[in-house]
Amino acid sequence: MPQAILPLFSQDMTIINNRFAVQQMGDTVYWFQGSLPVFCHHVGNERLFRLFCCQLINMDNASAAEISRALGVNREKLSRWARHERSSKSMISPFSDDDGGCSPAKKNPMS
411 MPQAILPLFS QDMTIINNRF AVQQMGDTVY WFQGSLPVFC HHVGNERLFR LFCCQLINMD
471 NASAAEISRA LGVNREKLSR WARHERSSKS MISPFSDDDG GCSPAKKNPM S
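Heads up, the sequence shown stops at 521 in our numbering, and the numbers go up one at a time, no gaps.
Below is the structure:
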């Protein structure tokens, strides 16, 4: 007998595809894979937003078109960012000082 699958994402999340969603809580943006938060950054931190979008595209977890439809970002711009990230020799580190990312000291919104 088939088993019913519960929804992976809550109703207040913006769904990118069947694996990833994004949600803003306060001044922080959380990225989820299924129901698990995998990345977060400050709302105004465009560098980390670009970094994570590029990682999703370059690791084939989401397409530029899926991100574009879900978040309203230009698809060509996303593709250009991902192409530039692939061609650059040095990856941007999300763990630099004062970058607006989520440090382990910040409280987990899921607890």
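Every residue, glycine too, gets a C-beta built ideally from N, C-alpha and C.
Since the model is a prediction, treat every value here as computed from it, not as a measurement.
With fewer than 16 neighbouring CB atoms inside 10 Å of its own CB, V448 falls in the exposed class. In this structure, F419 sits near G444, with a CB-CB distance shorter than 9 Å. Per DSSP, Q465 is not a residue of any beta strand (DSSP E); the alpha helix (DSSP H) it occupies stretches across E456 to N468.
Out of H452, A472, I425 and L446, the CA that lies nearest to the CA of M435 is found in H452.
Relative to the Cα of G454, the nearest Cα in the group D437, Q465 and D470 belongs to D437. Here the alpha carbon of I425 sits roughly 10 Å from the alpha carbon of R479. Counting along the chain, L446 sits inside the beta strand (DSSP E) bounded by residues L446 to H452. Under DSSP, the beta-bridge partners assigned to F442 are A431 and P447. Within the model, the alpha-carbon separation for Q465 versus A475 is close to 14 Å. Between the alpha carbons of S498 and A492 lies a distance of about 10 Å. Under the three-state reduction of DSSP output, I477 falls in the helix class.
Residue D470 holds the alpha-carbon nearest to the alpha-carbon of N427 among L458, F459 and D470.
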